[in-house]
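Numbered according to numbering that gives the first Met the number 0, the sequence shown spans residues 0 to 188.
Heads up, the beta-carbon is just placed ideally off N, CA and C, and yes, glycines get one too.
Notes follow the structure.
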Amino acid sequence: MSNAGQISPLRPVTRHVTGHDAAGKAIIQSSSPGQWKPFKTDDMAFAVMYTTSQFPADLNDDADVKAHEKIVQSDQLGLVNPRGTVCRIVDFGPNNKCFIHRTQSLDYGIVLEGEIEMVMEKGEPVLMQRGDVAVQRATMHGWRNPSETEWARMAFVLQDCQPLTVGGSAMKEELGTAAGFLRPSGNDQ
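Here is the structure:
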């Protein structure tokens, strides 16, 4: 199985997509290895496992599968998919550089391996351990692996959200130090 672009020593990930045969019975429609994209340096990489481009998703005639393949092939996907979702696996190297950013989205971040610090604008970082879930609601935040030797892995599901206004100010996407490397999502217009 390919680890294309994977830089961590963690187990490769595989995506299994289900579907139906002509008689309506559940089947595994496809299985494929994660395609990893390193982030700026060799201390972080991510793999987009699946996307949807509308909510609720349209599964008829594999419309969701076709939309996912189209957006991945276009290389235009930002952190968030406007009007849809993104499922992404991220590997964090030991003591990785933490970049603070904001997505215009509601995200679920689940620690799969190791420990991760969730860093916010105010307050002390929160140490998250395997199985912990962060519900990130369009806030400025960052992720840091505090280990000096071990890699960590998180799964993220990002969902587009309505424009957020706090205290009269629009909370727009801010990519911080990832600007120029990650594409803007374009969902905060």
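Are the Cβ atoms of Ser146 and Gly179 separated by less than 8 Å?
No.
Compute the beta-carbon to beta-carbon distance between Val156 and Asp131, rounded to the nearest angstrom, for a pair I have assumed lies under 8 Å.
About 15 Å separates the beta carbons of Val156 and Asp131, which is beyond the 8 Å limit, so they are not a contact pair.
Are Val79 and Gln103 touching if we call contact CB-CB under 8 Å?
Going by C-beta atoms, Val79 is nearer than 8 Å to Gln103.
Same chain, Cβ closer than 7 Å to Leu9, neighbours up to 5 away in sequence not counted
So the qualifying residues of the chain are Asp90, Glu112, Trp150 and Arg152.
Thr164 versus Met139 - alpha carbon distance
Thr164 and Met139: Cα-Cα distance of roughly 14 Å.
Does DSSP put Gln72 in a helix, a strand or coil?
DSSP places Gln72 in helix when its eight states are reduced to three.
Option in Ala22, Val16 and Gly185 with minimal Cα separation from Asp61
Considering only alpha carbons, the answer is Val16.
Examine chain C for any beta-carbon lying closer than 8 Å to the beta-carbon of Cys86, and answer yes or no.
Among the chains of the structure shown, chain C does not appear; only one protein chain is present.
With contact counted as at least three CB pairs below 8 Å, one residue from each stretch, are the region 20-34 and the region 42-50 in contact?
As far as the Cβ criterion goes, the region 20-34 touches the region 42-50, which means the pair count is three or higher.
Suppose you measure from the CA of Thr50 to the CA of Ala66; what does that come to, to the nearest Å?
Inter-residue distance for Thr50 and Ala66 is about 8 Å (C-alpha atoms, whole angstroms).
Beta-carbon within less than 6 Å of Ala154's beta-carbon, same chain only, minus the 5 sequence neighbours each way: which residues are those?
Sequence-distant Cβ neighbours of Ala154 in its own chain, meaning closer than 6 Å and more than five residues away, are Ile88, Ile109 and Leu111.
Going by Cα to Cα distance, which pick from Leu181, Thr40, Lys171 and Asp57 is closest to Asn94?
Measuring from the Cα of Asn94, the nearest candidate turns out to be Thr40.
Using a Cβ-Cβ cutoff of less than 6 Å, which residues in the same chain neighbour Ser73 once the five nearest sequence positions on both sides are dropped?
No residues qualify anywhere along the chain.
If contacts are defined as beta-carbon pairs under 8 Å, then His100 and Ala177 qualify, I think. What distance do you get, rounded to the angstrom?
Indeed they touch by this definition, with Cβ atoms about 6 Å apart.
Identify which residue in Gly141, Arg129 and Gly4 has its Cα closest to the Cα of Glu123.
The candidate whose alpha carbon is nearest that of Glu123 is Gly141.
Buried or exposed: which applies to Ser7, given that a residue is buried once 16 or more other Cβ atoms fall within 10 Å of its Cβ?
The residue is buried, with at least 16 neighbouring Cβ atoms inside 10 Å.
Reducing DSSP to helix, strand and coil, say where Ala22 ends up.
Here Ala22 sits in coil by DSSP.
Look at Ser168 and Pro81 and say whether their C-beta atoms are less than 8 Å apart.
No, they are not a contact pair.
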